[in-house]
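The structure appears below as structure tokens.
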């Protein structure tokens, strides 16, 4: 991997590390799925505009054709995995992430997301037929212990399953499975699909599902969060959504996909370590969330598990 790609991946994780603290603050005014819709709309609209106005290069060279028509012709050969990534990464994942952050703490979410590279490696091994090593099963056990300590799990809380923080962190854990689909499912498809078209289709599948969900749950009055955004008229809301959408989603996901074309997923996943470290900093300084002994010990176990599970195979 070149230094430029490595620097770009680290910058992507720098952007992602602040997403949970920003989302936690915005959810004082918007529901979790309203925020998800606003985020993906702000990323999906520029992508759609780009695809409509440009179209595949090969179409330009053959003859003058409608850019929109060329783009739609390309979509006629859709791989079903694009739709699956849209469902898992841009609907199931934001639902679990935003609900988890809303019920728990941004610091907890920043540390829990450290499990994503470990889950990505497990998913890649299972889907690509690679054999898991014993050390990776040990790392999974450490990760479970770390998540339990981080959440302050007790037997009573486990039996009742009513503690908001534990419920939130448990829901958030599901999102790591959905996020891993982005890398493990997308990589084989990128051999035949443009990263821009892939991301555009996946995001708009997510937007359609989230918008439908919001209409069914909240009704049409709030229009999925668009009406409250316009009524509030706060420039800070707009700035935060632009940071989450074009920044964390459009730029970061697209750059990740471009690098993924010729870089092993397991190597890229190591750069995800940046997220939990900086995420704790954002949560502590910007939201005033406490860093307790259980936070520290649980975080250390989680990071140790990820480091152990992502070590390259010897020989």
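In the working numbering, the protein residues as written are 241 to 555. The beta carbon of each residue, even a glycine, is placed where N, CA and C say it ideally should be.
Do residue i and residue j have their CB atoms nearer than 8 Å?
{"i": "residue 446", "j": "residue 320", "result": "no"}
{"i": "residue 333", "j": "residue 419", "result": "yes"}
{"i": "residue 497", "j": "residue 404", "result": "no"}
{"i": "residue 523", "j": "residue 276", "result": "no"}
{"i": "residue 259", "j": "residue 386", "result": "no"}
{"i": "residue 487", "j": "residue 255", "result": "yes"}
{"i": "residue 280", "j": "residue 450", "result": "yes"}
{"i": "residue 329", "j": "residue 421", "result": "yes"}
{"i": "residue 514", "j": "residue 250", "result": "yes"}
{"i": "residue 437", "j": "residue 252", "result": "no"}
{"i": "residue 543", "j": "residue 516", "result": "yes"}
{"i": "residue 242", "j": "residue 389", "result": "no"}
{"i": "residue 286", "j": "residue 490", "result": "yes"}
{"i": "residue 462", "j": "residue 274", "result": "yes"}
May I ask you to report which of helix, strand or coil DSSP gives residue i?
{"i": "residue 242", "result": "coil"}
{"i": "residue 268", "result": "coil"}
{"i": "residue 529", "result": "coil"}
{"i": "residue 340", "result": "helix"}
{"i": "residue 288", "result": "helix"}
{"i": "residue 321", "result": "helix"}
{"i": "residue 402", "result": "coil"}
{"i": "residue 541", "result": "helix"}
{"i": "residue 307", "result": "The pLDDT assigned to residue 307 is 48, lower than 50, so where the model puts this residue is not dependable; a value taken from the coordinates is nonetheless given after this. Correct three-state label for residue 307: helix."}
{"i": "residue 248", "result": "helix"}
{"i": "residue 499", "result": "helix"}
{"i": "residue 345", "result": "coil"}
{"i": "residue 487", "result": "helix"}
{"i": "residue 519", "result": "helix"}
{"i": "residue 514", "result": "helix"}
{"i": "residue 326", "result": "helix"}
{"i": "residue 504", "result": "coil"}
{"i": "residue 393", "result": "coil"}
{"i": "residue 408", "result": "helix"}
Out of the options, which one is the CA nearest neighbour of residue i?
{"i": "residue 269", "options": "510, 478 and 541", "result": "478"}
{"i": "residue 548", "options": "522, 515, 527 and 510", "result": "510"}
{"i": "residue 284", "options": "520, 537, 540 and 484", "result": "484"}
{"i": "residue 412", "options": "463, 424 and 355", "result": "355"}
{"i": "residue 464", "options": "257, 272 and 252", "result": "272"}
{"i": "residue 358", "options": "324, 417, 466 and 410", "result": "417"}
{"i": "residue 262", "options": "322, 293, 341 and 294", "result": "341"}
{"i": "residue 500", "options": "424, 352, 460 and 525", "result": "424"}
{"i": "residue 492", "options": "475, 402, 474 and 512", "result": "512"}
Is the CB of residue i under 8 Å away from at least one CB in chain B?
{"i": "residue 337", "result": "No chain B is present in this structure, which holds just one protein chain."}
Where do the N-terminal and C-terminal ends of the alpha helix (DSSP H) with residue i fall, by residue?
{"i": "residue 446", "result": "435-458"}
{"i": "residue 472", "result": "466-472"}
{"i": "residue 481", "result": "475-482"}
{"i": "residue 388", "result": "374-390"}
{"i": "residue 354", "result": "It is not in any alpha helix (DSSP H) - residue 354 carries neither H nor E in the DSSP assignment."}
| query | Should the region 379-396 be called in touch with the region 436-452, which here means at least 3 C-beta pairs below 8 Å? | reply | no
| query | Three or more beta-carbon pairs under 8 Å between the region 449-460 and the region 337-346, yes or no? | reply | no
| query | How do the region 342-355 and the region 527-540 stand: do at least 3 beta-carbon pairs fall below 8 Å, yes or no? | reply | yes
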